[in-house]
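K.L.:
Residue numbers (my numbering): 725 to 836.
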């Protein structure tokens with residue numbers, strides 16, 4: 725009997741976004757140039773997070789806007805993001821982090 729992996733819900737995706745954006749050095753998650761980086765749920769788009777393989781909820785990709793004024797080392801921030809995603813969504817096996825943009829402070833974050 726094969727074990728079914730839990731499906732990523734909108735609630736879990738929002739929890740991931742909230743946890744990651746709470747990290748020092750993360751200004752926000754990026755929706756991509758045209759809003760293409762998003763998880764789609766009925767009546768809702770959660771920007772900045774995607775599943776590179778649509779049927780695999782264990783593989784997630786996050787597009788991060790970095791707050792460079794925090795002085796965080798990017799390699800360490802990437803590790804912290806991966807750890808945060810895995811503690812929020814333990815089903816995640818592979819977590820790719822894309823540093824999509826950088827700003828001087830969270831307030832200077834572009835609206836996209």
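No residue lacks a Cβ here, since even glycine has one placed at the ideal position from N, Cα and C. Keep in mind that this is a model prediction, so the values were computed, not measured.
(1) Measure from the alpha carbon of residue 741 to the alpha carbon of each residue in 773, 748, 731, 822, then state which is nearest.
(2) Report all residues from its chain with a CB closer than 7 Å to the CB of residue 816; omit the five preceding and five following residues, and keep chain order.
(3) Per DSSP, residue 818 is paired with what?
(4) In angstroms, rounded to a whole number, what distance separates the CA positions of residue 748 and residue 794?
(5) How many angstroms separate the CA atom of residue 778 from the CA atom of residue 731?
P.N.:
According to the data block:
(1) 773
(2) 782, 784, 809, 810
(3) 783
(4) 7 Å
(5) 11 Å
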